[in-house]
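Reading through the structure tokens given below for one structure.
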Amino acid sequence: MEIKDEMFMVEFGDGKNKKKVLKMSPWSYEKQLILLHDFEGEQAPKEISLTRSPFWIQIYNLPLKSKTRETSWAISETIGKVMEVDIVENGV
379 MEIKDEMFMV
389 EFGDGKNKKK
399 VLKMSPWSYE
409 KQLILLHDFE
419 GEQAPKEISL
429 TRSPFWIQIY
439 NLPLKSKTRE
449 TSWAISETIG
459 KVMEVDIVEN
469 GV
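One gets the numbering used here by counting positions in the sequence shown from 1 and adding 378 to each.
Structure follows, in structure tokens:
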């Protein structure tokens, strides 16, 4: 996996759009996770640590008997810290 260490600054003309973009994050572009951080003008970009971000994954092609909260949790833990597993009420 290639990790790109690039930082870009984005300025929003409308505070409403900025809030919407930050609320709906994380974002991706060309299969790359984009990390967003709101900061004050006095802060230097090199002082900002963008090393972690929650993101959503979907697991495909599991055998029917493996489509459980426990299996989904175990698979997800191989990627990182799991925050939530979304599964229907009956657990499958």
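Just so it is clear, CB atoms sit at the ideal spot from N, CA and C, and this is done for glycine as well.
_Can you give me the C-alpha to C-alpha distance between P441 and A452, rounded to a whole angstrom?_
15 Å
*Decide if the stretch 424-433 is in contact with the stretch 387-400; the criterion is three or more beta carbon pairs, one per stretch, under 8 Å apart.*
no
*Terminal residues of the beta strand (DSSP E) in which L411 lies*: Q410 to I412
*asked:* Please report the straight-line C-alpha distance between R447 and M387, rounded to a whole angstrom.
replied: 39 Å
*Measure from the alpha carbon of L464 to the alpha carbon of each residue in E420, E418 and T449, then state which is nearest.*
Checking the sequence, you will find Asp at residue 464 rather than Leu. Looking at the Cα atoms, T449 is the closest of the given residues.
_Less than 7 Å between C-beta atoms, sequence neighbours within five positions excluded: which residues of the same chain meet that for Q411?_
Per the sequence shown, the amino acid found at residue 411 is Leu instead of Gln. Once the five neighbours on either side are set aside, the close Cβ partners of L411 are P404, S431 and F433.
*Check each candidate in Q436, E389, K401 and I435 and name the one with the smallest Cα separation from G419.*
E389
*asked:* What does the alpha-carbon distance come out to for the pair I457 and G391?
replied: 36 Å
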